[in-house]
Amino acid sequence: MKKFYNRNFAYGAAALLIGAVSFTACSSEDELSNTNPTYDGESVKTQFAINIPAAAKTRMTGEYTQQDGNFLGMKDIKLIPFASMPALGTESNLGSVITLGNISDNLSATSNAKVYNDVAIPVGTGAVILYGQANKEAGTNFDKGAVTMPSDYSVLSNIKFSPVNITTNETDAKATALAAWMTSVANAEGWDAAGEGTLKDLRDEFLKTTVGSSNSVLCLMQYLYNALAKEDGAEATAIKAAIKAGNGVVESDGKLSYGEGSSLAGYPENINLPDGAAQVVWNSTKFDVVAASGNTGINVASLDSYVYPAALCYYVNSNVKTADTEVDMDAASDWTAIVGSMTGSSVAPTTRSIAIEQPINYGVGRLSTQVKFGAQRVPDSKDDGHNSSVVEIPGEGFKITGILIGGQGEVGWNYIPTATTTGSKTIYDKSMTEGMCAKYSSDFTGAITNYTLAFETESNKDVNVAIELVNGDKDFYGKDGMIIPAGGKFYLVGQLESSAATETGEKIFKQDYNTIAKFNITNLKSAYNGLPDLRTPSLQLGMSVDLNWEKGHTFDVEIK
3 MKKFYNRNFA YGAAALLIGA VSFTACSSED ELSNTNPTYD GESVKTQFAI
53 NIPAAAKTRM TGEYTQQDGN FLGMKDIKLI PFASMPALGT ESNLGSVITL
103 GNISDNLSAT SNAKVYNDVA IPVGTGAVIL YGQANKEAGT NFDKGAVTMP
153 SDYSVLSNIK FSPVNITTNE TDAKATALAA WMTSVANAEG WDAAGEGTLK
203 DLRDEFLKTT VGSSNSVLCL MQYLYNALAK EDGAEATAIK AAIKAGNGVV
253 ESDGKLSYGE GSSLAGYPEN INLPDGAAQV VWNSTKFDVV AASGNTGINV
303 ASLDSYVYPA ALCYYVNSNV KTADTEVDMD AASDWTAIVG SMTGSSVAPT
353 TRSIAIEQPI NYGVGRLSTQ VKFGAQRVPD SKDDGHNSSV VEIPGEGFKI
403 TGILIGGQGE VGWNYIPTAT TTGSKTIYDK SMTEGMCAKY SSDFTGAITN
453 YTLAFETESN KDVNVAIELV NGDKDFYGKD GMIIPAGGKF YLVGQLESSA
503 ATETGEKIFK QDYNTIAKFN ITNLKSAYNG LPDLRTPSLQ LGMSVDLNWE
553 KGHTFDVEIK
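Residue numbering for the sequence shown follows the numbering used here, starting at 3 and increasing by one per position.
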């Protein structure tokens with residue numbers, strides 16, 4: 003039941019209708035015939051109908067973001083009455099916060115209205131605020147999103163909506179085991195006996211690694227093992243023995259894998275984080291696990307800075323229209339006509355019908371992402387001296403397994419960042435649209451789109467977005483000459499610049515707006531094998547970004 007406008011991705015004229023009931027008594031004969039019999043001197047009980055005027059259909063892919071228009075229902079619905087529209091958040095509401103029942107996704111085909119009976123509305127109500135969430139119980143928090151909702155809506159200025167952390171900073175046992183394995187390989191006797199030459203170069207390269215995930219470490223060990231297989235002598239044999247000595251590591255015909263029950267397998271998937279969030283650092287004698295930012299020299303975010311995508315939330319702050327006549331609920335499909343027929347602006351004892359004047363909109367924004375390679379063959383960075391080699395992009399492209407979005411933080415009662423919002427959180431969206439990948443193409447025609455919900459961001463704040471890809475080709479070299487082994491994951495960062503977002507007050511994400519970002523990968527020299535802190539303004543960027551808003555703004559940024 004979703005209808006899209008050029009400027010946003012909101013419902014059409016979704017609104018609240020307070021329907022008709024019989025009325026009696028007040029102070030005059032006319033009022034006696036019109037006053038609601040439930041009027042108690044403070045409020046009247048009425049019928050409500052939430053109107054979704056257009057039947058349609060719609061995941062964090064498309065289904066859960068209502069990309070295709072399918073109404074998912076609504077839950078956690080709070081209605082707060084006011085004398086006039088709140089502007090500052092310091093205004094007091096009239097009476098108690100009203101909790102409305104959930105709305106299912108199977109609304110009537112004729113009126114698309116959900117009717118509530120006997121809802122008490124204070125006399126004098128001239129405006130309302132409505133909050134709600136999509137009523138989607140199936141799926142994980144990565145599928146449907148998550149938000150920390152307020153426990154109390156009675157004081158407007160205290161209402162906050164916050165992203166939900168995926169995990170804590172606590173060091174996982176698997177992370178410690180992986181770092182210990184890496185340390186044992188780094189300190190194997192064969193390295194010291196090798197002197198200058200190929201083995202020393204391999205060790206120096208190994209010690210530069212900062213990635214500590216199970217998959218990436220295994221790929222790195224495979225890279226070392228393959229290189230050592232070309233070397234003769236006891237030194238290479240000793241190092242290969244240290245590699246195979248990892249807990250549960252199995253070698254078959256030169257191929258390494260984790261055997262059943264290995265303490266090294268499954269990190270950080272076991273705590274639902276991206277591979278690149280698992281990072282280590284060499285401290286001259288051993289590899290240390292990096293769980294929190296600020297305690298090492300590498301640019302890494304704390305594990306507790308990663309959050310789920312936002313949930314699909316609803317919000318409206320609007321004046322009401324009232325009438326002293328009954329409104330036909332069956333006409334709810336023509337909401338413009340209904341609102342236009344009402345001439346009153348405040349609830350009175352004689353009021354028979356009420357409508358929210360403004361549409362019910364989304365309280366969150368949405369990022370629509372497309373990714374492609376700008377050439378069939380792209381350069382990498384072969385070593386620290388940036389001697390380039392070329393990576394051939396396979397026909398099926400590189401699989402995309404995640405999208406990460408920086409700059410997230412709590413928002414206030416109006417779904418706008420507060421004065422204390424820091425933007426220190428990073429969304430990790432791993433629920434990708436089926437077939438999401440980066441292929442070579444001259445344009446974005448036919449490119450698959452992924453959809454991610456996000457809270458509104460501050461004005462004049464650029465947002466870094468990282469694309470998580472799987473190296474489906476040969477080993478190559480990324481940023482600072484870091485090895486990106488075949489089968490390993492890597493990250494490319496693009497920046498969305500707020501100065502171009504003039505239609506939305508220079509906000510990259512704005513509630514009820516759809517941000518479209520088209521990432522064109524021009525090289526792999528700036529590919530990260532670990533995930534950098536997306537708050538950092540001086541990140542090396544590896545994609546050009548064509549960003550446009552639904553109102554029509556488009557720009558191209560070439561990042562080299």
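Every residue gets a Cβ at the ideal spot worked out from N, C-alpha and C, and that includes glycine.
- As a beta-bridge residue in DSSP terms, THR101 pairs with LYS80.
- The alpha-carbon separation between ILE486 and TYR316 amounts to approximately 42 Å.
- Nearest C-alpha to THR454 among THR428, VAL322, SER391: THR428.
- Exclusion of the five residues before and after ASP290 leaves VAL283 as the residues of its chain whose Cβ lies within less than 6 Å of its Cβ.
- In the displayed model, THR287 falls within coil according to three-state DSSP, outside both helix and strand.
- In the structure shown, LYS202 adopts helical secondary structure according to DSSP, grouped into three states.
- Residues LEU201, LYS202, ARG205, GLU237, ILE241 of the same chain have their beta carbon placed closer than 8 Å to that of TRP193, with the five preceding and five following residues left out of the count.
- Considering only GLY75, GLY480, THR504, GLY126, the residue with the shortest C-alpha distance to PHE84 is GLY126.
- Counting along the chain, the unbroken beta strand (DSSP E) around TYR442 starts and ends at 439-442.
- Between LEU536 and ALA303, the C-beta gap is smaller than 9 Å, which places the two residues in contact.
- GLY134 places its beta carbon less than 9 Å from that of ILE362.
- A Cβ-Cβ separation of about 5 Å places ALA293 in contact with LEU305 under the 8 Å criterion.
- Counting of Cβ neighbours within 10 angstroms places GLY408 among the buried residues, the total reaching 16 or more.
- Annotation: GLN360 is outside any alpha helix (DSSP H) and is labelled neither H nor E by DSSP.
- For LYS512, the three-state secondary structure derived from DSSP is coil.
- Nearest in C-alpha terms to PHE478, of all of ALA231, LYS77, TYR225, GLN513, is TYR225.
- A check of alpha carbon separations from LYS176 across ARG379, ALA440, ILE273, LYS80 identifies ILE273 as the nearest.
- Here the alpha carbons of TYR269 and ASN189 stand approximately 23 Å from one another.
- The Cβ atoms of VAL213 and GLY532 lie closer than 9 Å to each other.
- The Cβ neighbour count for GLU458, taken over all protein chains shown within 10 Å, is at least 16; the residue is labelled buried.
- When DSSP states are grouped into helix, strand and coil, SER218 belongs to the helix group.
- Taking the Cα positions, ALA440 is about 18 Å away from ASP277.
- Just so you know, the alpha carbons of GLU262 and ASN249 end up roughly 10 Å apart.
- Note on geometry: alpha-carbon atoms of THR92 and ASN416 lie some 12 Å from one another.
- Note on geometry: alpha-carbon atoms of THR101 and SER94 lie some 18 Å from one another.
- Contact between ILE523 and GLY376 holds, since their C-beta atoms are separated by about 6 Å, short of 8 Å.
- Assigned with DSSP and collapsed to three states, ASN274 falls in coil, not helix or strand.
- MET87 and PHE144 have their C-alpha atoms roughly 35 Å apart.
- Per DSSP, the continuous beta strand (DSSP E) segment holding ALA129 begins and ends at 129-136.
- The continuous beta strand (DSSP E) containing PHE492 extends over residues 491-498.
- Proximity of the region 365-376 to the region 500-517 meets the contact definition, three or more beta-carbon pairs being nearer than 8 Å.
- For PRO165, the number of other beta carbons within 10 angstroms of its own is at least 16, and it is reported as buried.
- A distance of 9 Å or more separates the beta carbons of ILE402 and VAL465.
- Taking every protein chain shown into account, the CB of ASN473 has 16 or more other CB atoms within 10 angstroms, so this residue is buried.
- For LYS374, the closest of PHE521, GLY103, THR173, GLU505 by C-alpha to C-alpha distance is PHE521.
- Assignment of GLY250 by DSSP, reduced to helix, strand and coil, places it in the coil class.
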